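This report refers to the structure that appears directly beneath it.
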Amino acid sequence: MTLIYQYVWLFYIYAFLGWVLEVAFSAVKKGELINRGFLNGAWCPIYGAGAVLICFLLEPVENILLLFLTSALITSLLELLTGVVLERAYKTKWWNYSDRRLNFKGYICLEMSVVWGVLGVVLKKVVNPVILGVVDAAPLVLGVFILYFLTVLFACDLIITVLALNNMLSKAERLDKLAKEMRTVSDDLSEVVFETASELEKIRKEQSGRVKETEKKIREAKEKHLAELKERYTGLLEERIYTQSRILRAFPELKSREHQKQFEELKKRLKIKINAKG
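Right, dumping it as structure tokens:
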């Protein structure tokens, strides 16, 4: 119980510290405060998971160089696995290191692996002993109660985020379908006008009135349909859901394999700068 208790605490504490690190880095780099986590709350699960893996797997490792190398390896593999799973599950790429040297398909790169290695050494040698001392000093009953509370919050946050993300991806797909339908209707409308104009010249004397009336009705119907599609498209774009806008702000390099143009439209509506790299 004590070991599991400690590791659960470590997960939440390091998930929070990772969130603080991401927000601080973003504030320094971009000059604005952005919730950089995947979830809405003040936690980045990938940092918590990485820290727990380091503490669990590297507990007997004392050599600094070996600790650095193994920490870099473990966290890089975790980052790679997370990126691949998210892309396979949602057909989206959440971060991209393609512009950095010695990267692997944009998921990981040597520069960040070095950073993770250094953080692993600092975590195990400096930060973790202090955190474990505080955790062990707290009353067990109170600690367990807080962990249950945090776990319920975490589960609710995860569910809300996943639902919002699924809705956003569905929105992008619907926007894409509407855009394609609008192009089809617009093309049909142009074709109707062109073909009707050609036919009018041939049968101008005999049936000009009837053809003009038919052409007018078809054109009006197509224009009405096109206007309805544009209204639906604009309505979808204007629909604002906090979690979706937060995700797009947190991951400005988020790219969809199938609906990237619609993602860019959503970002423009939310006034989010689009990173064109990768």
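Read left to right, the sequence shown gives residues 1 to 278 (the working numbering). Quick reminder that beta carbons are idealized off the backbone N, C-alpha and C, glycines included. Keep in mind that this is a model prediction, so the values were computed, not measured.
F145 sits away from L39, with the two beta carbons spaced by 9 Å or more. When the beta-carbon positions are compared, C44 and E22 come within less than 9 Å of each other. At a Cβ-Cβ threshold of 9 Å, Q244 and E173 do not count as neighbours. Here DSSP, grouped into helix, strand and coil, assigns I34 to coil. Non-local beta-carbon contacts of S26 in its own chain, meaning distances under 6 Å to residues more than five positions away in sequence, involve I34, R36 in chain order. Distance from the CA atom of K224 to the CA atom of K171, rounded to whole angstroms, is 23 Å. Counting along the chain, A138 sits inside no alpha helix (DSSP H), nor does DSSP assign it H or E at all. Residue pairing from DSSP places K93 in a beta bridge opposite K255. Contact between the region 121-132 and the region 44-58 is established, with three or more Cβ pairs separated by less than 8 Å. Secondary structure at N63: coil, using DSSP grouped into helix, strand and coil. The closest CA to that of S98, considering only Y12, L73, L65, E253, is found on E253. DSSP, read as helix, strand or coil, puts C44 in coil. A residue is called buried when at least 16 other Cβ atoms come within 10 angstroms of its Cβ; G133 does not meet this threshold and is exposed.
Per DSSP, V126 lies in no alpha helix (DSSP H) and is assigned neither H nor E. Here F149 is exposed: its Cβ has fewer than 16 other Cβ atoms, across all protein chains shown, within 10 Å.
By a beta-carbon distance limit of 8 Å, Y90 contacts L169. Their separation comes to about 6 Å. Proximity to R219 across R249, K230, V185, A250 peaks at V185, based on C-alpha coordinates. Within the same chain, Cβ atoms closer than 8 Å to the Cβ of Q6 are found at L132, V135, D136, the five residues on either side in sequence being excluded.
When only Cα atoms are considered, G106 and V8 end up about 31 Å apart. Separation of the CB atoms of K93 and K268 is rounded to 19 Å, and the pair is thereby denied contact status at 8 Å. Here G31 is exposed. Its C-beta has fewer than 16 other C-beta atoms within 10 Å.
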